[in-house]
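Undergrad: Got a structure for you, questions after.
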Amino acid sequence: MRRLKFSNNDEMPAFGLGTWKSAEGDVYNAVKTAIKNGYRHIDCAAAYGNENEVGKALKEVIEEGVVKREDLWVTSKLWCNMHAKEDVIIALNKTLSDLQLEYLDLYLIHWPVAQKKEIPFVSKGEDFISLEELPNELTWQGMEKAVELGLTKHIGVSNFGPKALQDLIASAKIKPEMNQVESHPYFQQEDMLSFCKEHGIHVTAYSPLGSSDRPDKFKTENEPRLLQDPVIFEIAASKNVTPGQVLISWALHRGTAVIPKSVNPGRIAQNFEAQTVELSESDMNNIASLNKNHRYLSGEHWLYEGSSYTLESIWR
14 MRRLKFSNND EMPAFGLGTW KSAEGDVYNA VKTAIKNGYR HIDCAAAYGN ENEVGKALKE
74 VIEEGVVKRE DLWVTSKLWC NMHAKEDVII ALNKTLSDLQ LEYLDLYLIH WPVAQKKEIP
134 FVSKGEDFIS LEELPNELTW QGMEKAVELG LTKHIGVSNF GPKALQDLIA SAKIKPEMNQ
194 VESHPYFQQE DMLSFCKEHG IHVTAYSPLG SSDRPDKFKT ENEPRLLQDP VIFEIAASKN
254 VTPGQVLISW ALHRGTAVIP KSVNPGRIAQ NFEAQTVELS ESDMNNIASL NKNHRYLSGE
314 HWLYEGSSYT LESIWR
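When the count follows the numbering used here, it moves up by one through the sequence shown with no breaks and lands on 329 for the last residue.
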C-alpha cells in the first residue's frame, strides 16, 4: 500500500474510501466491508450527514479486533457555517462524537467559503459571510488550536486554489499539510500539483472516477463520461482490469492520495485491488493527453445573487 509521509513521519495510506453520497444505511456496511477488505484510510465530512453511521462502523471493527485505532487514518472536514475561529473546536468535537473517536488524523477546511452559523446549507446571497469579514486565515487559527489540543494530528484544506493556499501559508504557524481537490484525467490539475509539491503539501484526489452518481444539481448536459473514455478502456482491456481500476492506479502513480467512493461490496474489493495495477510510461503519457480542464464539481452551486463569491474567488 502506497503511503504519503508527513513532516513528523506520520504516514497516510494513499488509497482510501470516500463517503460522500453514501446513503443512510449504506455507509455503515460500506465502511465495515472496506476495513475488512484491507482499507485503512476513511475520508469523511460533517456535511455528508453520515458521520454517525461511519462512527458506528469504526467502533465495531475496533471492538471486534479487526483493526486497531492507530492503524486507521480518518479524515474529516469543517463545514462552511463553522468558520469562526471559536466555532472550529465546537464543530470538531461534534465530528469526534459522531465518529466515536478521541482524535482525527487529518482535519480539513472543506471549502474556502464562509456562511452564517445558523444556515447549514445556503439558499440565497444573504446566507453567506464574505471573506473580507471572515477570512480563511482566522478559520485557520481555529484549526491550529485543534492541533494544539490534540483533537487532530494534521490539518489542511479542500478545494483551495494556489492563491488561497499561499495566503494561508503566509500567516500560518502550522502550514497546511493537505489539499483535497477534484482530480482525474479530464481535470489533471498539473499546476496545483506543482504548487503543492513546491510547498510540501500533499494532494488527495476526489471524484477520481468522474462522480457520475453525484446529485443532478451538480451535473451539466452532455458532460464527458470518464469511465467510458476509449483510451482508458483500451488500457484496461490490455491489462484485464476495469476502467475504474486504471483511473485509481493513475492517481496513485502521480503521487496523490485517492478516495473512490462505493457502497457495493464487490466494487469496494475491486477498487482496493487497483493498487496492484501497474501503468507504464506509455500508459501515463496516453492518459496525460486526455486533459480537458473539465470540473465535474464546477462550484456553481455556490453562486447566488447578492453573494460576494464568484467562481474566480472560490478557485483562486
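Glycine included, each C-beta is placed from N, C-alpha and C at the ideal position.
Nothing here was measured: the structure is a model prediction, and the numbers come from that model.
Can you tell which of E286, V170 and I75 has the C-alpha that lies nearest to the C-alpha of E157?
TA: Position 144 of the sequence shown holds residue 157. Checked all of E286, V170 and I75; the closest Cα to E157 is V170.
Undergrad: Buried or exposed, going by whether 16 or more other CB atoms sit within 10 Å of the CB of P221?
TA: Position 208 of the sequence shown holds residue 221. Flag for P221 reads buried.
Undergrad: Of all the options K252, V160 and L119, which has the alpha carbon lying nearest to the alpha carbon of K90?
TA: One-based indexing of the sequence shown puts residue 90 at position 77. With distances taken between Cα atoms, K90 lies closest to L119.
Undergrad: Touch check for the stretch 258-273 and the stretch 316-327: three-plus C-beta pairs under 8 Å?
TA: Cβ pair count under 8 Å is below three, so no.
Undergrad: Where in the stretch 56-124 do unbroken runs of the alpha helix (DSSP H), each at least 4 residues long, occur, reported from the N-terminal end onward?
TA: Counting whole runs of 4 or more residues, the stretch 56-124 contains the alpha helix (DSSP H) stretches 64-76 and 101-112.
Undergrad: Is the stretch 63-73 touching the stretch 29-45, taking contact as three or more C-beta pairs under 8 Å?
TA: Flag = yes, the stretch 63-73 and the stretch 29-45 touch.
Undergrad: Helix, strand or coil for E195 per DSSP?
TA: If you number the sequence shown from 1, residue 195 lands on position 182. Of the three classes helix, strand and coil, the one that applies to E195 here is strand, per DSSP.
Undergrad: I need the DSSP call for I272, collapsed to helix, strand or coil.
TA: Within the sequence shown, residue 272 is the residue found at index 259, counting from 1. Coil, per DSSP.
Undergrad: Look at P243 and A249 and say whether their C-beta atoms are less than 8 Å apart.
TA: As a working note, residue 243 is residue 230 in the sequence shown. As a working note, residue 249 is residue 236 in the sequence shown. Not closer than 8 Å, so no.
Undergrad: If you run the structure through DSSP and keep just helix, strand and coil, what is K18?
TA: Position 5 of the sequence shown, counting from 1, holds the residue named residue 18. In this structure, K18 counts as strand in the three-state DSSP scheme.
Undergrad: With DSSP as the reference, label S171 as helix, strand or coil.
TA: Sequence index remark: in the sequence shown, residue 171 carries index 158 (1-based). In this structure, S171 counts as strand in the three-state DSSP scheme.
Undergrad: Give the secondary structure of L324 by DSSP, where H, G and I count as helix, E and B as strand, and everything else as coil.
TA: In the sequence shown, counting from the first residue as 1, residue 324 sits at position 311. Looking at L324 - three-state DSSP - the assignment turns out to be helix.
Undergrad: Ignoring anything shorter than 4 residues, give me the alpha helix (DSSP H) runs that lie fully in the stretch 263-314, in order along the chain.
TA: You should have 278-286 and 294-301.
Undergrad: Assuming D84 and R53 are in contact, meaning their beta carbons sit under 8 Å apart, how far apart are those beta carbons, in whole angstroms?
TA: Counting from one through the sequence shown, the residue named residue 84 turns up at place 71. Counting from one through the sequence shown, the residue named residue 53 turns up at place 40. With a Cβ gap of about 6 Å, D84 and R53 count as contacting.
Undergrad: Between which two residues does the alpha helix (DSSP H) harbouring P8 extend?
TA: An answer regarding residue 8 cannot be provided, because it is not within the stretch 14 to 329 covered by the chain.
Undergrad: DSSP three-state label for F134, please.
TA: Mapped onto the sequence shown, residue 134 falls at position 121. Three-state DSSP puts F134 in coil, outside helix and strand.
Undergrad: Mind checking who A127 pairs with in its DSSP beta bridge?
TA: One-based indexing of the sequence shown puts residue 127 at position 114. Answer is I142, bridged to A127.
Undergrad: Return yes when the Cβ of I214 is within less than 8 Å of the Cβ of E195, no when it is not.
TA: Within the sequence shown, the letter at position 182 stands for residue 195. Within the sequence shown, the letter at position 201 stands for residue 214. Not closer than 8 Å, so no.
Undergrad: Taking DSSP's pairing of strands, which residues face Y219 in a bridge?
TA: Counted from its first residue, the sequence shown places residue 219 at position 206. Answer is E195.
Undergrad: To which residues of the same chain is I327 closer than 7 Å at the C-beta, ignoring the five residues directly before and after it?
TA: Position 314 of the sequence shown, counted from the start, is the residue given in the question as residue 327. Excluding sequence neighbours, I327 sits near P125, V126, G312 and W315.
Undergrad: Between which two residues does the alpha helix (DSSP H) harbouring E211 extend?
TA: Residue 211 sits at position 198 when you count from the first residue of the sequence shown. Counting along the chain, the alpha helix (DSSP H) containing E211 begins and ends at E203 to E211.
Undergrad: Taking the alpha carbon of R15 as the point to measure from, which residue in S295, A47, N21 and F28 has its own alpha carbon closest?
TA: Indexing the sequence shown from 1 puts residue 15 at position 2. Selected option, being the one with the closest Cα: F28.
Undergrad: Apply the 10 Å Cβ neighbour rule to I103 and answer buried if 16 or more other Cβ atoms are within range, or exposed otherwise.
TA: Walking along the sequence shown from the start, residue 103 turns up at place 90. Exposed.
Undergrad: Where does R308 land, buried or exposed, given buried means 16+ other C-beta within 10 angstroms?
TA: Along the sequence shown, one-based indexing puts residue 308 at 295. The residue in question, R308, is buried, as its Cβ has 16 or more Cβ neighbours within 10 Å.
Undergrad: Comparing alpha-carbon positions, which option in E131, M25, Y61 and K210 lies nearest V271?
TA: Taking the first residue of the sequence shown as 1, we reach residue 271 at position 258. The option with the nearest alpha carbon to V271 is M25.
Undergrad: Hey, K98 and T32: beta-carbon distance below 8 Å or not?
TA: Start at 1 with the first residue of the sequence shown, and residue 98 comes out as number 85. Start at 1 with the first residue of the sequence shown, and residue 32 comes out as number 19. Result no, Cβ atoms of K98 and T32 do not sit closer than 8 Å.
Undergrad: Go ahead and label S251 buried or exposed: buried means 16 or more other beta carbons lie within 10 angstroms of its beta carbon, across all protein chains shown.
TA: Locating residue 251 in the sequence shown gives position 238, where the first residue counts as 1. Exposed, by the Cβ-count rule.
Undergrad: Along the chain, where does the alpha helix (DSSP H) containing N42 start, and where does it finish?
TA: Start at 1 with the first residue of the sequence shown, and residue 42 comes out as number 29. N42 -> alpha helix (DSSP H) spans V40 to K49.
Undergrad: Please return the same chain residues whose Cβ sits closer than 8 Å to the Cβ of K81, not counting the five positions on each side in sequence.
TA: Along the sequence shown, read from residue 1 onward, the residue named residue 81 stands at position 68. For K81, where only same-chain residues beyond five positions count, the Cβ hits under 8 Å are I75.
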